[in-house]
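To keep things clear, I will list the structure first and then write my remarks on it.
In my numbering, the protein residues as written are 273 to 374.
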């Protein structure tokens, strides 16, 4: 159950980030298109400014897919190891308890 919750949480978070990134890119394209229609005389200068803004707009939200996958693998592994160890210890405790008090 916890593994399913972990998968669901990562999936929702990743899809939301992807949707926001796509909306941001579309908004930038439409703004650039509106600027180009508004003032055709300064097209080269606006293209340079638009490219510089696109290059410098790293606000920390852009995380690669590999980083999400690595984070998921670490959390999933940690959860699996914790559950496996608790199962082993509980089994050992049950065996010892059954031997002492049959």
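Beta carbons: idealized from backbone N, C-alpha and C, even for Gly.
Alpha-carbon to alpha-carbon, residue j and residue i
i	j	result
residue 280	residue 274	10 Å
residue 362	residue 368	10 Å
residue 374	residue 365	13 Å
residue 356	residue 305	56 Å
residue 339	residue 298	24 Å
residue 359	residue 349	15 Å
residue 289	residue 337	11 Å
Sequence-distant residues of its chain with Cβ nearer than 7 Å to residue i (five each side left out)
i	result
residue 347	278
residue 351	274, 275 and 278
Distance CB(residue i)-CB(residue j) smaller than 7 Å
i	j	result
residue 286	residue 344	no
N- and C-terminal bounds of the alpha helix (DSSP H) containing residue i
i	result
residue 373	Careful: residue 373 lies outside any alpha helix (DSSP H) and carries neither H nor E.
Residue i beta carbon near the ligand SAM (any heavy atom closer than 6 Å)
i	result
residue 372	Ligands in the displayed structure: none, and consequently the ligand SAM is not present.
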